[in-house]
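In the working numbering, the protein residues as written are 77 to 256.
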């Protein structure tokens with residue numbers, strides 16, 4: 077698939093490597109994170125951007141740091157680093173975990189992603205303030221407009237994997253310092 081991002085491919089490869097270390101199937105892990113097997117497969121292939129909540133849930137399941145999934149990142153082009161992606165959950169019925177109706181399950185997953193986003197957003201702002209950086213300085217480093225960066229901090233735009241990785245790099249911290 078030509079539209080795949082190098083970062084999504086690297087994260088997906090790390091997800092697959094960890095799953096294989098535990099001799100688990102994609103179906104088993106899809107059940108753990110509450111997504112359709114097809115959706116999970118696309119995360120591992122790098123066809124879809126893995127939501128931050130899924131990365132956090134995988135780290136908790138494997139009892140590892142979220143940083144593991146961001147290891148071995150290739151050098152990214154500016155376009156790849158900066159393009160903002162919508163975090164999407166393709167949640168479908170899971171026969172073994174299905175409790176209640178699918179709408180409640182979907183709403184629960186959306187609320188979980190909101191919590192992860194809110195926590196990450198507050199930590200990103202705290203790191204900026206603690207390091208006495210202006211929004212403009214961080215935006216310049218990320219190569220984005222200050223209004224876009226402001227939207228990340230305010231929560232009107234979701235943080236994506238590439239932005240979180242670049243912010244961690246900027247402050248010389250681990251991704252897990254932002255997500256965990």
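Here a beta-carbon is modelled for each residue, glycine too, at the ideal position from N, C-alpha and C. If you're wondering where the values come from, they're calculated on a predicted model, not measured in any experiment.
Item to check | Distance, residue 216 Cα to residue 109 Cα | outcome: Walking along the chain shown from the start, residue 109 turns up at place 33. Walking along the chain shown from the start, residue 216 turns up at place 140. Taking the straight line joining both Cα atoms gives about 35 Å.
Checklist entry - So what's residue 111 in DSSP terms, helix, strand or just coil? => result To locate residue 111, count along the chain shown from 1; it is residue 35. Three-state DSSP puts residue 111 in coil, outside helix and strand.
Next on the checklist: Tell me the rounded alpha-carbon separation between residue 249 and residue 193.
Outcome noted: Position 173 of the chain shown, counted from the first residue, corresponds to residue 249. Position 117 of the chain shown, counted from the first residue, corresponds to residue 193. Here the alpha carbon of residue 249 sits roughly 18 Å from the alpha carbon of residue 193.
Checklist entry - Hey, residue 113 and residue 103: beta-carbon distance below 8 Å or not? => result Indexing the chain shown from 1 puts residue 113 at position 37. Indexing the chain shown from 1 puts residue 103 at position 27. Yes, they are a contact pair.
Next on the checklist: Could you tell me the alpha carbon to alpha carbon distance between residue 84 and residue 208, rounded to whole angstroms?
Outcome noted: The residue given as residue 84 occupies position 8 in the chain shown. The residue given as residue 208 occupies position 132 in the chain shown. Here the alpha carbons of residue 208 and residue 84 stand approximately 31 Å from one another.
Checklist entry - Which same chain residues, not among the five before or five after residue 147, have their C-beta less than 7 Å away from its C-beta? => result Residue 147 sits at position 71 when you count from the first residue of the chain shown. Within the same chain, and ignoring the five residues on either side of residue 147 in sequence, the residues whose Cβ sits closer than 7 Å to its Cβ are 90.
Checklist entry - Do the segment 196-213 and the segment 238-256 touch if we need at least three Cβ pairs shorter than 8 Å? => result The answer is yes - the segment 238-256 touches the segment 196-213, with three or more Cβ pairs under 8 Å.
Checklist entry - Which one of 218, 227 and 226 has the shortest CA to CA distance from residue 247? => result What you label residue 247 is simply residue 171 of the chain shown in a count that begins at 1. That would be 218, whose Cα lies nearest to the Cα of residue 247.
Item to check | Residue of 251, 228 and 189 minimising C-alpha distance to residue 127 | outcome: Numbered from its first residue, the chain shown carries residue 127 at position 51. Of 251, 228 and 189, the residue nearest in Cα terms is 189.
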